[in-house]
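Under our numbering, think of the first position of the sequence shown as 13, with each following residue one higher.
Data first, discussion second: the structure below is written as structure tokens.
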Amino acid sequence: MKRTGLVIVAAMFATSQGHALDTSVRDRLLAIPLTSELGGDTTRPLATAEAFTFISANAPKKVKVGFTFGNQLFNTVWFPAPGPQITTDGLGPVFNREACSDCHINNGRGLPPPEVGAPMDSMLVRFSVPGKDENGGPVSVPGYGDQLQDRGVEGVPAEGRAIIEWKEIADSYDDGTPYSLRKPTVLFTDLAFGPMPGNLMTSPRVANPMIGLGLLEMVSEDLLYTLADPNDVDMDGISGRVNVVWDARDKTMATGKFGWKANSPNLTNQNSGAALGDMGITTPIRPDDNCGVGQGLCAASAVHNGVEMTKIFLNQINVYTRRLAVPRQRGPGLPEVIRGQTQFYDAGCQACHIPTLETGVDPRNQDLAEQTFHPFTDLLLHDMGEGLSDGRPDFLATGSEWRTAPLWGIGLTKKVTGHERYLHDGRARGLEEAILWHGGEAKASKENFRTMPKDARDDLVAFLKSL
Ligand code: HEC
Ligand code: HEC
Ligand SMILES: [Ca+2]
Ligand SMILES: [Ca+2]
Ligand SMILES: [Ca+2]
13 MKRTGLVIVA
23 AMFATSQGHA
33 LDTSVRDRLL
43 AIPLTSELGG
53 DTTRPLATAE
63 AFTFISANAP
73 KKVKVGFTFG
83 NQLFNTVWFP
93 APGPQITTDG
103 LGPVFNREAC
113 SDCHINNGRG
123 LPPPEVGAPM
133 DSMLVRFSVP
143 GKDENGGPVS
153 VPGYGDQLQD
163 RGVEGVPAEG
173 RAIIEWKEIA
183 DSYDDGTPYS
193 LRKPTVLFTD
203 LAFGPMPGNL
213 MTSPRVANPM
223 IGLGLLEMVS
233 EDLLYTLADP
243 NDVDMDGISG
253 RVNVVWDARD
263 KTMATGKFGW
273 KANSPNLTNQ
283 NSGAALGDMG
293 ITTPIRPDDN
303 CGVGQGLCAA
313 SAVHNGVEMT
323 KIFLNQINVY
333 TRRLAVPRQR
343 GPGLPEVIRG
353 QTQFYDAGCQ
363 ACHIPTLETG
373 VDPRNQDLAE
383 QTFHPFTDLL
393 LHDMGEGLSD
403 GRPDFLATGS
413 EWRTAPLWGI
423 GLTKKVTGHE
433 RYLHDGRARG
443 LEEAILWHGG
453 EAKASKENFR
463 TMPKDARDDL
473 VAFLKSL
């Protein structure tokens, strides 16, 4: 829904950065009634396996060609250079997968390997050693960089393989019903460049769903700061923080929005980072192949005749990722969904999964500007406790801090991807497990869920599945 000339004024708790918590802004957003148009005017009535693949309903004509071309690029299998087509070669020398769509299954999320030791097909492992690099980001692991590339082009060794082992942890609901949660441990084998250092920090992450990202990109920094409450001034036990990350395009620090720790500021950064980190494809923003220091065969086989993905191609991928329609909520009038929505608020889920956000003004993207929409995220970092911690800081995010995951589209996960694996590393085998992992700032909310009677829990899950 388009807003009409609303101006946000604000400063209740001024901070040194000139940004301010303003609880009245949160209250105003919470008072906006929830509609089924989860993506505002971009929403489409979609509920099939292809639900995450359509252009936003209100996209202007001028972006349609770019979207279609970006769609092709997102699904393109890149070849090592020299390949059959010079415009889409340059894969590797080391890489994770050959196409964006390999990991972002049908534009939905990825998952961990179904069997222990099987290759990672839609997730990756980030790693680093303690400290901060010159931009405040994670420090690369000597010889391996900041991510394990578990594949290499012919003649170039993969860096190694990551294996996830699971440990089951038994617990129970307040009513005595037992459940079990599985916790991952990452191990490395077949390491090509020697053992990992003893102080290694790892973070296994599955690919995120791709819908509604243009709306999230256009949420203003000011709005995020008015929602953030790093010192929990309002004493509600929730202290969302803004991540401040390196913007490789503008060569400056910027507000983090994308990735499980909000470690990327915008789609240009995220997409060019994915091209290089996950596929070994250089772009004008990241012009050098990512061979770790000392990876001789990798460096020797890197072909440098200009960047591998041109600025025009990267722009089309940006257009595409900016305008994937958000599916409309299904069955909003069903009694269990209505009851579940009440449970959602009663349990305090909206403290982080704030239902409504707004975008600001942007003359270049008028279709995405001034939208009121329902992503169910504040895009802020929250301490989720030891259970979910990866122990690996990412810019300002600590090991236990994660970006509130958007919940729009979550009910279509099974249909779109064929699986139901949730949370940053795909450890949760259903929505209940995802909720039961919530700790830290979200512990009280989790306990509200754990102590609900079964029919109330089922209603809450029915509400999530309607999103
Ligand atoms: C090897 C698997 C893999 C491949 C290939 C891959 N991605 Fe991703 N993608 C991920 C993971 C994992 C994340 C989360 C990263 C993080 O949290 O640091 C992600 C996150 C994203 C996000 C952020 C979404 C959000 O909600 O924050 C975008 C956008 C994205 N990828 C685009 C792309 C594009 C474009 C390509 C191809 C150029 C691509 N990805 C290729 C695994 C992959
Ligand atoms: C303190 C903030 C906070 C509260 C309160 C909270 N969540 Fe979350 N939620 C998060 C964060 C952060 C994540 C991402 C965690 C991760 O991936 O490790 C998340 C993830 C999820 C996921 C998985 C999403 C995905 O894409 O995998 C679901 C489902 C979810 N929350 C539902 C709920 C429900 C239901 C409640 C209320 C009972 C709730 N949350 C309360 C912060 C919160
Ligand atoms: Ca390359
Ligand atoms: Ca690497
Ligand atoms: Ca607070």
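The beta carbon of each residue, even a glycine, is placed where N, CA and C say it ideally should be.
Note that this is a predicted model, so its numbers are computed, not measured.
Residue environment, W178, which counts as buried when at least 16 other CB atoms sit within 10 Å: Position 166 of the sequence shown, counted from the first residue, corresponds to residue 178. So W178 counts as exposed.
Quick check on the DSSP output: the alpha helix (DSSP H) that includes Y357 runs from which residue to which? Looking up residue 357 in the sequence shown gives position 345. First-last of the alpha helix (DSSP H) with Y357: 347-358.
F81 - containing alpha helix (DSSP H), residue span: For the purposes of this step, residue 81 is taken as residue 69 along the sequence shown, with counting starting at 1. DSSP places F81 in the uninterrupted alpha helix (DSSP H) bounded by 76-87.
Could you tell me whether the Cβ of A130 comes closer than 9 Å to any Cβ of chain D? Here chain D cannot be found, since the structure has a single protein chain.
Can you find a heavy atom of ligand 2 that lies under 8 Å from the Cβ of I176? Within the sequence shown, numbered from 1, the residue matching residue 176 stands at position 164. Incorrect: I176 has no Cβ contact closer than 8 Å to ligand 2.
Hey, out of L392, D406, D390, E413, whose CA is closest to L400's CA? Reading the sequence shown from its first residue, position 388 is the one you call residue 400. Taking only the C-alpha atoms, the option nearest L400 is E413.
Please name the residue in D162, F91, P125, F66 whose C-alpha comes closest to that of N83. Walking along the sequence shown from the start, residue 83 turns up at place 71. Nearest option by C-alpha distance: F66.
Using three-state DSSP, classify T486 as helix, strand or coil. No statement about residue 486 is possible, as the shown extent of the chain runs from 13 to 479 and does not include it.
So for G129, helix, strand or coil by DSSP? Your numbering for residue 129 matches position 117 in the sequence shown. Note: G129 maps to coil in three-state DSSP.
Inter-residue spacing [alpha-carbon to alpha-carbon] between T201 and R194: In the sequence shown, the residue the question calls residue 201 occupies position 189. In the sequence shown, the residue the question calls residue 194 occupies position 182. Cα-Cα distance, rounded: 22 Å.
W272 CB to nearest heavy atom of ligand 2 below 8 Å: Reading the sequence shown from its first residue, position 260 is the one you call residue 272. Yes, since a heavy atom of ligand 2 falls inside the 8 Å radius drawn around the Cβ of W272.
DSSP three-state label for S478, please. Locating residue 478 in the sequence shown gives position 466, where the first residue counts as 1. S478 falls in the helix class under three-state DSSP.
Just how far apart, CA to CA, sit Q328 and L336? Against the sequence shown, residue 328 aligns to sequence position 316. Against the sequence shown, residue 336 aligns to sequence position 324. Straight-line Cα distance between these residues: approximately 13 Å.
Contact belief for N147 with W258 at Cβ below 8 Å, rounded distance in angstroms: The residue given as residue 147 occupies position 135 in the sequence shown. The residue given as residue 258 occupies position 246 in the sequence shown. Yes, they are in contact, since the Cβ atoms of N147 and W258 sit about 4 Å apart, within 8 Å.
Out of H450, P277, E398, state which residue places its alpha-carbon closest to the alpha-carbon of L408. Position 396 of the sequence shown, counted from the first residue, corresponds to residue 408. Closest option to L408, Cα to Cα, is P277.
Backbone secondary structure at F205 - three-state DSSP: Here the question's residue 205 lines up with position 193 in the sequence shown. If DSSP states are grouped into helix, strand and coil, F205 belongs with coil.
Please report the residue range of the alpha helix (DSSP H) in which V37 lies. The residue labelled residue 37 in the question sits at position 25 within the sequence shown. Per DSSP, V37 belongs to the alpha helix (DSSP H) from 35-43.
Between G451, G438, N330, which has its C-alpha nearest T80's C-alpha? Taking the first residue of the sequence shown as position 1, residue 80 is located at position 68. With distances taken between Cα atoms, T80 lies closest to N330.
Exposed or buried, what is E444 when buried is set at 16 or more other beta-carbons lying within 10 Å of its beta-carbon? For the purposes of this step, residue 444 is taken as the residue at position 432 of the sequence shown. It counts as buried.
Hey, which unbroken runs of the alpha helix (DSSP H) at 4 residues or more fall wholly within the region 102-127? 112-115
Do the region 113-121 and the region 130-143 make contact, defined as three or more Cβ pairs closer than 8 Å? Touching, yes.
Between the Cα of L472 and those of I350, T55, E459, spot the shortest distance and give me the residue it belongs to. Position 460 of the sequence shown, counting from 1, holds the residue named residue 472. The residue with the shortest Cα to Cα distance from L472 is I350.
Check whether the Cβ of D158 sits closer than 8 Å to any heavy atom of ligand 4, and report yes or no. Mapped onto the sequence shown, residue 158 falls at position 146. For D158, the shortest separation between its Cβ and any heavy atom of ligand 4 lies below 8 Å.
Which listed residue (V151, V37, L41, R56) has its alpha carbon closest to that of L479: Looking up residue 479 in the sequence shown gives position 467. That would be R56, whose Cα lies nearest to the Cα of L479.
Cβ neighbour criterion (16 or more within 10 Å) applied to M213: Looking up residue 213 in the sequence shown gives position 201. Buried, by the Cβ-count rule.
Cβ distance (whole Å) where C310 is taken to contact P105 below 8 Å: Position 298 of the sequence shown, counting from 1, holds the residue named residue 310. Position 93 of the sequence shown, counting from 1, holds the residue named residue 105. That pair is a contact at about 4 Å.
Would you report the Cα separation of T295 and G352, rounded to the nearest angstrom? Numbered from 1 along the sequence shown, position 283 holds the residue referred to as residue 295. Numbered from 1 along the sequence shown, position 340 holds the residue referred to as residue 352. Computed Cα separation, rounded: 45 Å.
Beta-carbon contacts of G226 that lie in its chain and below 6 Å, excluding the five residues immediately before and after: Locating residue 226 in the sequence shown gives position 214, where the first residue counts as 1. Once the five neighbours on either side are set aside, the close Cβ partners of G226 are R334, R335, L380.
Below 9 Å between beta carbons: does that hold for P387 and P418? For the purposes of this step, residue 387 is identified with residue 375 of the sequence shown, where counting begins at 1. For the purposes of this step, residue 418 is identified with residue 406 of the sequence shown, where counting begins at 1. Cβ atoms of P387 and P418: closer than 9 Å.
Residue ranges of each alpha helix (DSSP H) within the region 227-299, 4 or longer: 233-239, 279-291
Burial state of G224, where buried means 16 or more other Cβ atoms lie within 10 Å: The count along the sequence shown starts at 1 and reaches residue 224 at position 212. Taking all protein chains shown into account, G224 has 16 or more neighbouring C-beta atoms within 10 Å of its C-beta and is therefore buried.
From P190 to F461, what does the alpha carbon distance come to, in whole angstroms? Looking up residue 190 in the sequence shown gives position 178. Looking up residue 461 in the sequence shown gives position 449. Approximately 14 Å, taken between the alpha carbons.
What I want to know is whether the C-beta of T333 ends up closer than 8 Å to one or more non-hydrogen atoms of ligand 1. As a position in the sequence shown, residue 333 is number 321, starting the count at 1. Under cutoff, so the answer is yes.
Between V106 and ligand 4, is there a pair consisting of the residue's CB and a ligand heavy atom that are separated by less than 8 Å? Working through the sequence shown from its first residue, we reach residue 106 at position 94. V106: yes, Cβ under 8 Å from ligand 4.
Look at G372 and L123 and say whether their C-beta atoms are less than 9 Å apart. As a position in the sequence shown, residue 372 is number 360, starting the count at 1. As a position in the sequence shown, residue 123 is number 111, starting the count at 1. Contact: no.
Inter-residue Cα distance where the pair is A32 and L50: Mapped onto the sequence shown, residue 32 falls at position 20. Mapped onto the sequence shown, residue 50 falls at position 38. If you take the alpha carbons of A32 and L50, they lie about 27 Å apart.
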